[in-house]
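Below: the structure, in structure tokens.
Number of protein chains: 2
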Amino acid sequence: MAYLDAAVTAQERSARRGGAPVRAAVEASLSEFGGKVAHHEAHAVVYYEGDPARRLYELVKGSVMLYKLLPDGRRQVVEVLRPGDIFGLSDGAENDCTAETLTASEVREIDLRQVERSEELQRVLTKCLTNQMRVLHEHAVLLGRKSAVERVASFLMHLVPDRGGAGCIGPDEDADEDSYDLQLHMTRQEIADYLGLTIETVSRVVSDLKRRGVIRVDKADKIHLNKVCTLCQMTGMH
Amino acid sequence: MAYLDAAVTAQERSARRGGAPVRAAVEASLSEFGGKVAHHEAHAVVYYEGDPARRLYELVKGSVMLYKLLPDGRRQVVEVLRPGDIFGLSDGAENDCTAETLTASEVREIDLRQVERSEELQRVLTKCLTNQMRVLHEHAVLLGRKSAVERVASFLMHLVPDRGGAGCIGPDEDADEDSYDLQLHMTRQEIADYLGLTIETVSRVVSDLKRRGVIRVDKADKIHLNKVCTLCQMTGMH
């Protein structure tokens, strides 16, 4: 059923506009399977790449990044997780990434032996993994084919709820302007490591977007998008 | 259980050296769930990005690539599938990629409604998806952080069974030399689209590896690796 549902119904779109939790169904499902919820400070490591894989984790609240390091220290952030996303599953004995919180976070921990036993849990996992794989496919397009400006524009657009992409609900017709205030939870270095850029390139693109009047940087972590549609046009998706 | 197994046991390593089918367990599991097996010629499209998602597919034999297009025609190959891999699962109503065969292939098709019903099938899917997500994470590192030479070296090494990476069994001590004959199933353009490079860059790197004596190009699709370990040292993983 889940796979056959239309992605976004008109009703859902109107509910989302009101700020309803879109992922509530998935979140509720995993909480049924018990496990303890651990609280982590910002920039706490949940596990390191190479650690024994013993638990399935679900991000309940906050933000977590998964990254991999090359032996010479180059880092690639491979996933930036949102509430409802899962991590820690491994097809080997070890975790393939390091998991580090970006903000104070709540993380549910379920023993992998329980994951093996519960078939209902497996159903929820398939759904989560399918969703995360779609995001990974989009990220491969960004890393492999998009310019620096397109990457930064895509990253910023990704933080605007329900705008950009196939599910875009368009500008709010009742509002005077098509603007949005963003709160960033990643440093410039983390953003660079996620977008496959250098920190200098990220800073240069941000300055460029500022000079062109597309964004306004209020603080390092507060960015005002002057025109969401204009920024969206720069993502390479139009 | 599956998640807690060690990635490669000594026994498996020795079996692999003999060419035993490593993914046999997964393949056998999916065949239990019925569905018909369709035969496709090389370069046949199984489904297009945006097509309604109605079936789960399992690659039984051959090779399939998944790719996404940007509106201006730029293409990124996001996955190159091997027997035992699955595709076609979607968290929306549509397929997020185009699936095209690279060689003549056999593909099992299972209706997504059956996938929803069978909890045992879900267990197999979780395992497949976990494995494919690990590959997607590695690919993000390649696209985001590796040089052109490192990308091509990684791509070639990926085609040498059981060499490179954590599961490397090292050179065969009984053999005189550490060489390997590769049969490529992808054109230079497909390789470029998978590695996030231009076709010119792929050709330049291949010529460079040839000039340095690391490889010998027998035909466009036949490459002899003169020293596997030397090529592996160029993947950025050492």
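From first to last, the protein sequence lines stand for chains X and H.
194 is the number that full-length UniProt numbering gives to position 194 of the first sequence; each next residue is one higher, with no gaps.
111 is the number that full-length UniProt numbering gives to position 111 of the second sequence; each next residue is one higher, with no gaps.
Don't be surprised by glycine CBs; every beta carbon is placed ideally from N, CA and C.
In the DSSP assignment, the beta strand (DSSP E) including residue i goes from what residue to what residue?
| i | result |
| --- | --- |
| Thr130(X) | Where Thr130(X) is concerned, there is no enclosing beta strand (DSSP E), although the alpha helix (DSSP H) it sits in stretches over 119 to 145. |
| Leu56(H) | 55 to 61 |
| Tyr47(H) | 45 to 47 |
| Ser105(X) | 105 to 111 |
| Glu100(H) | 98 to 101 |
| Ala38(X) | 36 to 40 |
| Leu81(H) | 75 to 81 |
| Cys69(H) | For the sequence presented, residue 69(H) should be read as Leu rather than Cys. Per DSSP, Leu69(H) belongs to the beta strand (DSSP E) from 64 to 69. |
State yes or no: is the beta carbon of residue i nearer than 8 Å to at least one beta carbon in chain X?
| i | result |
| --- | --- |
| Ala140(H) | yes |
| Leu30(H) | no |
| Lys61(H) | no |
| Thr103(H) | no |
| Gly221(H) | For the sequence presented, residue 221(H) should be read as Asp rather than Gly. No, no contact with chain X. |
| Gln189(H) | no |
| Gln114(H) | no |
| Arg123(H) | yes |
| His137(H) | yes |
| Met237(H) | yes |
Within 10 angstroms of the Cβ of residue i, are there 16 or more other Cβ atoms? Answer buried if so, exposed if not.
| i | result |
| --- | --- |
| Asp221(X) | exposed |
| Arg145(H) | buried |
| Asp181(X) | exposed |
| Asp172(X) | exposed |
| Val37(H) | exposed |
| Gln122(X) | buried |
| Arg113(X) | exposed |
| Val46(H) | buried |
| Thr235(H) | buried |
| Asp174(H) | exposed |
| Gln76(H) | buried |
| Glu90(X) | Going by the sequence as given, residue 90(X) is Ser instead of Glu. When all chains shown are included, Ser90(X) counts as buried. |
| Gly34(X) | exposed |
| Ser105(H) | buried |
| Arg55(X) | buried |
| Pro71(X) | exposed |
| Glu58(H) | buried |
| Ala53(X) | buried |
| Gly213(X) | exposed |
| His137(H) | buried |
| Leu66(X) | buried |
| Lys68(X) | buried |
| Pro161(X) | exposed |
| Leu225(H) | buried |
| Tyr48(H) | exposed |
| Asp85(X) | buried |
| His43(X) | exposed |
| His238(X) | exposed |
Against chain B, with Cβ distances strictly below 8 Å, would residue i count as a contact?
| i | result |
| --- | --- |
| Leu159(X) | No chain B is present in this structure, whose protein chains are X and H. |
Please confirm whether residue i has its beta-carbon closer than 8 Å to some beta-carbon of chain H.
| i | result |
| --- | --- |
| Gln233(X) | no |
| Arg134(X) | yes |
| Glu119(X) | yes |
| Met65(X) | no |
| Thr130(X) | yes |
| Thr126(X) | yes |
The ligand ZN heavy atoms versus the CB of residue i: any closer than 7 Å?
| i | result |
| --- | --- |
| Asp162(H) | As for the ligand ZN, it is missing from this structure, which has no ligand bound. |
key: Any alpha helix (DSSP H) of 4 or more consecutive residues that is wholly inside the stretch 154 to 237 of chain H   = 188 to 195, 199 to 211, 228 to 232
task = Could you please tell me which residues of the stretch 69 to 96 of chain X, in chain order, have their CB closer than 7 Å to any CB of chain H?
result = Leu70, Pro71, Arg74, Gln76, Val78, Leu89, Ser90, Asp91, Gly92, Ala93, Asp96
Members of the UniProt domain "HTH crp-type" (146 to 229) of chain X near chain H, C-beta cut-off 7 Å = Gly196
ask   = Residues in the stretch 32 to 53 of chain X with C-beta within 7 Å of chain H's C-beta atoms, listed in sequence order?
value = Ala53
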